[in-house]
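Structure, as structure tokens:
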Amino acid sequence: MQLHLDPEREGEVFRELPIVTVLRGVVGETPSVNETKLSWTSADTLAVDIPIHGSETVLTTVEIPGGGNISLPPVCLPYSPEFKPAHTESGLATMERLAKATGGKQRINLGEIWDDLPRQPRLISLQPWLLIAALLLLLLEILERRTGLVSMRRGRWLVESVSQRIPRKERAVAKVAVPPSEKGMKPSTPEEPEKSEVPSDRDGMLDALSQARRRASGRTGRD
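Going by the working numbering, the sequence shown opens with residue 111, and the numbers climb by one from there.
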């Protein structure tokens, strides 16, 4: 709090320094009172520092000797001290001090941060991938049982591969050289094997009929 005096005043205005009474109050607590005096900070200014803590409200009264009491409006902090706006020029200096204290350095390109990070092993869970693979195999098995698509294609492929591996046999014709002395002679024809006479069904029936006649004639002769 500051008290400004008229620079063109004549003589001293105060016989004693003004007294400041500070009433502090917090919601739910008993208010407290303390007193202090203004002090000269320049030839025309008197001031005193009144700290405010947390969520308390401060009501100040100035007692001027020979001039009465002057009550000032209540004052409280608009926000917590940690949210106090910092000066725009102090940010760079603060960062430099912080870098020196912690061993940091200036980063102009943020992409270089990933290059300087130490490599560490990382574990990746394979459980979701295994579950997906199991589901796909189950669906493929059901598709194979219903349609037989995979087995049919595999059978065709096996037939084609086997047919490609077996070469086609070329019939080789052997040429026999005939000596000059035997040019006039006729080539001997191979003897054909004797054909065995196979009894026909007709001859068998004739033999059976002749035997039956003989038996019948024999019986008539006896009678």
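All C-beta atoms in this analysis are idealised placements derived from N, C-alpha and C, irrespective of residue type, glycine included. Quick caveat, the model's predicted, so the values are computed rather than measured.
Closest by CA to residue i, which one among the options?
i	options	result
P188	E166, T170, L240	E166
I174	K215, P184, I162, L115	L115
K147	L248, L245, Q112, P141	Q112
P183	K194, R256, R134, L247	R134
S142	H163, E206, T151	H163
If you reduce the DSSP assignment to three classes, tell me which class residue i lands in.
i	result
A153	coil
E69	An answer regarding residue 69 cannot be provided, because it is not within the stretch 111 to 333 covered by the chain.
Q237	helix
E292	Because E292 sits at a pLDDT of 47, beneath the cut-off of 50, its placement in the model cannot be relied upon, and the following sentence gives the value as read from the coordinates. The answer is helix: DSSP assigns E292 an H, G or I state.
Q112	strand
V260	helix
E173	strand
I242	helix
I84	Outside the shown range of the chain, which is 111 to 333, sits residue 84, and nothing can be said about it.
K285	For K285, the predicted model reports a pLDDT of 47, less than 50, meaning its position is unreliable and no value from the coordinates is stated.
Check the Cβ-Cβ distances between residue i and every residue of chain B, and say whether any is below 7 angstroms.
i	result
A153	The displayed structure is made up of one protein chain only, and chain B is not part of it.
Excluding sequence positions up to five away, which residues of its chain have a Cβ less than 6 angstroms from the Cβ of residue i?
i	result
Q230	none
C186	T167
V71	Because residue 71 is not part of the residues shown, which for the chain are 111 to 333, the question remains open.
T171	T131, N179, S181
Tell me the residue span of the alpha helix (DSSP H) that contains residue i.
i	result
K210	200 to 212
I223	222 to 226
Might you give, ordered along the chain, the residues of its own chain that have their beta carbon closer than 7 angstroms to the beta carbon of residue i, omitting 5 neighbours on each side?
i	result
R217	I223
V260	E254
P117	D154
K215	A209
Residues in the same chain with beta-carbon distance under 8 angstroms from residue i, minus the five sequence neighbours each way, listed in chain order, please.
i	result
E145	I129, V130, T131, V132
L241	none
D333	Here the model assigns D333 a pLDDT of 49, short of 50, so the residue's position is not dependable and the matter cannot be decided.
S327	none
What residue range does the beta strand (DSSP E) around residue i cover?
i	result
E145	142 to 147
I129	129 to 135
I160	It is not in any beta strand (DSSP E) - I160 carries neither H nor E in the DSSP assignment.
S190	It is not in any beta strand (DSSP E) - S190 carries neither H nor E in the DSSP assignment.
G178	178 to 181
Would the beta-carbon of residue i be found less than 6 angstroms away from any heavy atom of the ligand NAD?
i	result
E122	The ligand NAD is not among the ligands present in this structure, which contains no ligands whatsoever.
Per the contact definition of three or more C-beta pairs closer than 8 angstroms, is the stretch 117 to 136 in contact with the stretch 152 to 165?
-> yes
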